[in-house]
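Number of protein chains: 2
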Amino acid sequence: VTERAAADLRRVVALAGGVGGAKLAHGLAALVGDRLTVIVNTGDDTERHGLLVMPDHDTVMYTLAGIANRQWGWGIEGETYNADEFLAKYGQETWFRLGDRDLATAMVRTARLRDGGRLTDVVRGLQRAHAVGPAILPMTDTPVRTEVRTDDGWLDFQEYFVHRRQEPAVHEVRFVGVDAARATPEVLDALATADVVVLAPSNPFVSVAPILAVAGVREALSDARGRGVSIGAVSGIIGGKALKGPADRMLTSLGHEGSALGVARLYAGFVDVFVIDRVDEALASAIEALGMRVVVTDTVMDDDPGRARLAGELLAAVDGATRTAA
Amino acid sequence: VTERAAADLRRVVALAGGVGGAKLAHGLAALVGDRLTVIVNTGDDTERHGLLVMPDHDTVMYTLAGIANRQWGWGIEGETYNADEFLAKYGQETWFRLGDRDLATAMVRTARLRDGGRLTDVVRGLQRAHAVGPAILPMTDTPVRTEVRTDDGWLDFQEYFVHRRQEPAVHEVRFVGVDAARATPEVLDALATADVVVLAPSNPFVSVAPILAVAGVREALSDARGRGVSIGAVSGIIGGKALKGPADRMLTSLGHEGSALGVARLYAGFVDVFVIDRVDEALASAIEALGMRVVVTDTVMDDDPGRARLAGELLAAVDGATRTAA
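Chains A and B, in that order, are what the protein sequence lines are. Residue numbering for the first sequence follows this note's numbering, starting at 11 and increasing by one per position. Residue numbering for the second sequence follows this note's numbering, starting at 11 and increasing by one per position.
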């Protein structure tokens, strides 16, 4: 059923952040190949040593290229850190660790942007070099930078996320530069021609929300729903805990319920199918009451088959919803 | 005698290019420590992957820091090339190989220049990070780029030197940007307070000549001689062959004698002491006829003691010339 459903789908678009997004994208790519387009968050991009580092884009790219570090989920398998050691010697801040190969990615990207390249074109070139089939599209070509307000004031996202290990409670989130940002033609085209749209199990506040905040994205999603496309989402919260990152703590510190239900409420109104983990089965009826169809399954993507299985169940449910609606 | 002479000297200034210059500088530093100042050629600097690479400066810096690759003379001992492999994958030209640590040097330099730093200040900071005692001064803070005219037309220096392995015959040399270049305050101060000035056994056309071509340098050398400072030079040509690089072939293709005498003629009029190798002893009287005092010794700097010995003989001879003149 899953395989046939996937084969029927023409275009799948996933909105994704970092590690969780990359894993789901990998599962989706295993099913639909380059009929998948991933729209990635650029709000946690950062300048390091004069280079543009794009953690979410690069994590998805390395994962789809099959070269991501399996244990960490980010970075490159077998990576070395010899440049980083020298950077530290030169007095550079190196709490954001960058491997030698990863720095090469940032170097080439930065050089091509300085030569006048457009962000989307530049990163598409990097993806092709890694023989990545699906398009990985930055949500916008202009800089957007996520900041979080803590008891220590507003912090750059990576200062909060990496340097302070997500320890300060987050009271507010903002996306600096988002007012000037526009969805790219590629993003709008992907959404306009999508048969299925899915939100990856990424942090709703700092991975998914920045994408939705870019002018044109919500309208395009709304248009897609208007023509019968369903939107699916996977909860990244399992038994009240985020598999990775601070989404569970951010839910509560931002005034929401720290559970899959809390995430579902954030997506109520534009998500049609919501996938939760078996351990959260008790939340299903409350989520259904929000107007969503609920799928209960194993949402931990331990290995490649696990990624493809979850992707398949998600696609089947969302596609089923599409057909029902149609 | 050598040790005492070295101890007496207050300030030694060396004009240097890459590997040969780095070796002599290393020998000089062993004798006079941070009373040595090295003025380096920047004409073979190059932009790679958006980063400013300074081969001569970095070779001298790594050599004085004791971390240079002993076999090659350039690069860093134990260097890795993982970023370079990725750069190639991304379609970057990688015939100019850059190690992971070396790229970190270029990254930090480029980032600090883009932040508004002055070249001399930026590289002095890098040198301090490596605990290098002697100051290594770029000849100027603005870009100068050496180009050579071959049968294939004008070539960037590194295109000729690295990519084409110095194979095309050189008919002409030019230093693009040198008209706008000025010697830095640090370079002028070093020359104004020098007790001894030496030209390293570097290529006269593409290592020493660019330094001499910068406005202010020849005048400062002339002023130094006016106050009784002698200038010494070491021939990089031994038995008609350059120890490294194309200096021997450039001598002949540019219309000079391909020998230490050919080099001496280029320096006649402002160099007081000329050091040649034992194998070239027969040239001594012809060089003396140019008005130079000639020192005949072993000029191959095989190891650290060899570097310090040559540096000591050079200093003793130049200092002796100074005292005789005074």
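Idealized CB from N, CA, C, for every residue including glycine.
- Taking 7 Å as the cut-off, the Cβ atoms of Met64 (chain A) and Ile146 (chain A) do not count as close.
- Taking every protein chain shown into account, the CB of Arg58 (chain A) has 16 or more other CB atoms within 10 angstroms, so this residue is buried.
- Going by DSSP, Gly30 (chain A) is part of the alpha helix (DSSP H) stretching over Val29 to Val42.
- In the three-state reduction of the DSSP assignment, Phe106 (chain B) falls in the coil class, being assigned neither a helical nor a strand state.
- Near chain A, meaning a CB-to-CB distance below 8 Å, the residues of the region 45 to 71 of chain B are His59, Gly60 and Leu61.
- In this structure, Gly187 (chain A) lies away from Pro220 (chain A), with their beta-carbon atoms at least 7 Å apart.
- At a cut-off of 7 Å between beta carbons, Arg111 (chain B) contacts chain A.
- Taking 8 Å as the Cβ-Cβ cut-off, the region 75 to 105 of chain A approaches chain B at Glu89, Thr90, Asn92, Ala93, Asp94, Glu95, Phe96, Leu97, Lys99, Tyr100, Gly101 and Gln102, given in chain order.
- For Ile297 (chain B), the uninterrupted alpha helix (DSSP H) run begins and ends at Ala294 to Glu298, by DSSP.
- In this structure, the alpha-carbon of Arg303 (chain A) lies about 14 Å from that of Asp287 (chain A).
- By DSSP's assignment, Thr307 (chain A) forms a beta bridge with A:Asp287.
- If the five residues before and after Arg80 (chain A) are omitted, its C-beta is found closer than 8 Å to the C-beta atoms of Glu87, all from its own chain and listed in chain order.
- For the region 117 to 136 of chain B, the set of positions with a beta-carbon nearer than 7 Å to some beta-carbon of chain A reads Met117, Val118, Thr120, Ala121, Arg124 and Leu136 in chain order.
- Pairing Gln137 (chain A) with Val118 (chain A), the inter-Cα distance amounts to about 12 Å.
- Straight-line spacing of the CA atoms in Glu89 (chain A) and Val218 (chain B) works out to 41 Å.
- For Lys254 (chain B), the secondary structure class from DSSP, reduced to helix, strand or coil, is coil.
- When 8 Å is used as the limit between beta carbons, Thr115 (chain A) is near these residues of chain B: Phe96 and Tyr100, in chain order.
- Chain B has a Cβ within less than 7 Å of the Cβ of Ala139 (chain A).
- In the same chain as Thr130 (chain A), and ignoring 5 residues on each side of it, the C-beta atoms closer than 8 Å to its own belong to Leu147, Pro148, Asp151, Thr194 and Glu196, in chain order.
- A check of alpha carbon separations from Gly238 (chain A) across A:Val273, A:Val207 and A:Thr52 identifies A:Val207 as the nearest.
- DSSP places Gly330 (chain A) within a helical segment (H, G or I) once states are collapsed to three.
- Contact check for Ala75 (chain A) against Val142 (chain A) passes: the beta carbons are separated by less than 7 Å.
- Between His36 (chain B) and Thr73 (chain B), the alpha-carbon positions lie close to 7 Å from each other.
- Going by DSSP, Ala243 (chain A) is part of the beta strand (DSSP E) stretching over Ile241 to Val244.
- Taking a contact as a CB-CB distance under 8 Å, the pair Gln168 (chain A) and Phe106 (chain A) counts as one, their CB atoms being some 6 Å apart.
- The residues Pro178, in chain order, have a CB closer than 7 Å to that of Asp162 (chain A) in the same chain once the five nearest residues on each side in sequence are set aside.
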